[in-house]
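Going line by line, the protein sequences match chains U and A.
Numbering-wise (the working numbering), the first sequence opens with residue -18 and increments by one.
Numbering-wise (the working numbering), the second sequence opens with residue -3 and increments by one.
See structure below.
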Amino acid sequence: MDTFGIWVAAFLTLGIISFLYRDNPWYKVCESIFVGISAGYWFVTLFYDNILGLFWRGVTSPDPHYMLLVGAVLGFMMLLRLVPPIGWISRWPLAFVVGATAGLYIINYFSSNVMLQVQSTLAPLFSTKFGQPIFEASLYDTIGNLVIAGGTFTGLVYFFFSKEHKGVFGGAARIGIWTIMITFGASFGYTVMSRMSLLIGRMEFIFGDWLRLIR
Amino acid sequence: MRREVPLIITAVVGVIFVIQYFIPHAPFNQFNSWFSDWFAIIGACAIWLGALNLMRISADKIYRRRSGWGYAAIIIASFLLIATIGFAGGSQFRDPGTGFDWLYTWVYSPLSATMFALLAFFVASASYRAFRARNLEATLLLLAAFFVMIGRVPVGDAIGSFIHLPESLMPSKITIWIMGFINSAGQRAIMIGIALGIVSTSLRIILGIERSYLGGD
């Protein structure tokens, strides 16, 4: 069965890679299989995990959680989107999701992405931590601390569009855009390397598992 | 009814989620638990909605014999195959050795990994066209990407040794410095900017100023 599986996986892998030549029927078949299988995979998994596992077991347990019925009703309302005359009812569960996400994000993002990041940036420049003597940090760390503090501040200045980027403010914004461009470059390089490692994995499968040309 | 009720639901749920951070006691902590469960059930139904809509659109394409209807038939057949096998397998549907597990291992995983691997070629092709050192900003982006890529493979330091670079200027060391300091500074600025934007947008949503998620009518 595994041998058959390897051949199926090789057929599908080569089908997707064939897109590099041009859009072709083999690629489209593999793409359609991917779409159908992905939809079906999540359809089944979420049924067992969330609907059967969370809702049904919760309601039918010896200590039933009847509040789960509210979630089920909201979920059912979401599915009514498929019935155009009463599709507007799906706005109710959508409003719940939007409201919950908004409420959750206000505090979560403010505490983790603003407060914690600011706290981490407000660190001693010339020592490794608070309480240590000045110039205790190495030159490497000192330059790094200056880059982090200056880069974060100037990066934020660049994102401040309520004031024209002129004079000292414009100079800071210019340093900010340099920092951000280096960040984008680093993120780009990082992404390329992760995609490359996926590609190497597929090539190992083709030439190793399937063709057995490499061991 | 069509717009007012959703606005009230959004406001009430949003305010309760904010309050429960400040008053983590009954009844607000109980609301948090209920809302999390409801969120998971609605999320599952939203995925079901997407899958069923995909089936409806694909079936319509086949019925009307629109261009590419054969591929729509493959989508439906693939969906029905994995759904039937999954539901027939019962609650142990994804255990090793089941048909669902076989489809996941030999169909879903290879297709998913290859789809993402394909992006490597597109990224390479796009960077060939876009990465021109036309100005200082573009040059900085180009150099950062170059050092991060070359510094993460053994050949980077091999080249450094070949041209007798000092240890501190080896590509791997430059990569660590870029990722640890300049990248951290840039990411922080971006994260703080995004977070402030999310907080203000969330407030607008809870207060009913931002209503675009309700759509038209």
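A virtual CB, placed ideally from N, CA and C, is assigned to each residue, including glycine.
Query: Can you tell which of Ala185/A, Phe143/A, Ile188/A and Asn179/A has the C-alpha that lies nearest to the C-alpha of Met166/A?; Result: Phe143/A
Query: CB Tyr67/A to CB Ser13/U, shorter than 8 Å?; Result: yes
Query: Which one of Ala167/U, Trp37/U, Ile18/U and Asp44/U has the shortest CA to CA distance from Ala47/A?; Result: Ile18/U
Query: So with Cβ pairs under 8 Å, would you call Met145/A a contact of chain U?; Result: yes
Query: Which residues in chain A sit within 8 Å of Thr160/U, going by Cβ to Cβ distance?; Result: Ile178, Ala181, Gly182 and Ala185
Query: Counting only Cβ-Cβ distances shorter than 8 Å, please list the residues of the stretch 94 to 112 of chain U near chain A, keeping chain order.; Result: Asn94, Val95, Gln98, Val99, Ser101 and Thr102
Query: List, in order along the chain, the chain A residues whose C-beta lies closer than 7 Å to that of Leu180/U?; Result: Ala113 and Ala116
Query: Could you tell me whether the Cβ of Phe24/A comes closer than 8 Å to any Cβ of chain U?; Result: no
Query: For chain A, find out if any of its Cβ atoms is closer than 8 Å to the Cβ of Gly189/U; answer yes or no.; Result: no
Query: State whether the stretch 30 to 38 of chain A contacts the stretch 51 to 60 of chain U, with contact taken as three or more CB pairs (one from each stretch) at a distance under 8 Å.; Result: yes
Query: Measure the alpha-carbon distance for Asp(-17)/U versus Leu(-7)/U and round it to whole angstroms.; Result: 15 Å
Query: Can you list the residues of chain U that Ser87/A reaches, using a CB-CB cut of under 9 Å?; Result: Tyr29, Leu33 and Gly34
Query: For Arg60/A, does the count of other Cβ atoms within 10 angstroms reach 16, so buried, or fall short, so exposed?; Result: exposed
Query: Do three or more CB pairs link the stretch 173 to 186 of chain A to the stretch 122 to 130 of chain U at distances below 8 Å?; Result: yes
Query: On the three-pair Cβ rule with 8 Å, is the stretch 20 to 27 of chain U touching the stretch 77 to 97 of chain A?; Result: yes
Query: If you follow the alpha helix (DSSP H) that Phe91/U is in, where does it begin and where does it stop?; Result: Phe91/U -> no alpha helix (DSSP H), and no H or E assigned at all.
Query: Indicate the three-state DSSP secondary structure (helix, strand or coil) for Ala140/A in the structure shown.; Result: helix
Query: Would you give the residue range spanned by the alpha helix (DSSP H) that Val103/A belongs to?; Result: It is not in any alpha helix (DSSP H) - Val103/A carries neither H nor E in the DSSP assignment.
Query: Going along the chain, which unbroken runs of the alpha helix (DSSP H) with 4 or more residues stay wholly within the stretch 162 to 195 of chain A?; Result: 167 to 173
Query: Which same chain residues end up closer than 8 Å to Pro2/A when comparing Cβ atoms and leaving out the 5 residues on each side of it in sequence?; Result: Leu210
Query: Go ahead and label Val149/U buried or exposed: buried means 16 or more other beta carbons lie within 10 angstroms of its beta carbon, across all protein chains shown.; Result: exposed
Query: Please compile the residues from chain U whose C-beta is within a distance smaller than 9 Å of the C-beta of Tyr124/A.; Result: Residues of chain U passing the Cβ test: none, with the nearest at roughly 12 Å.
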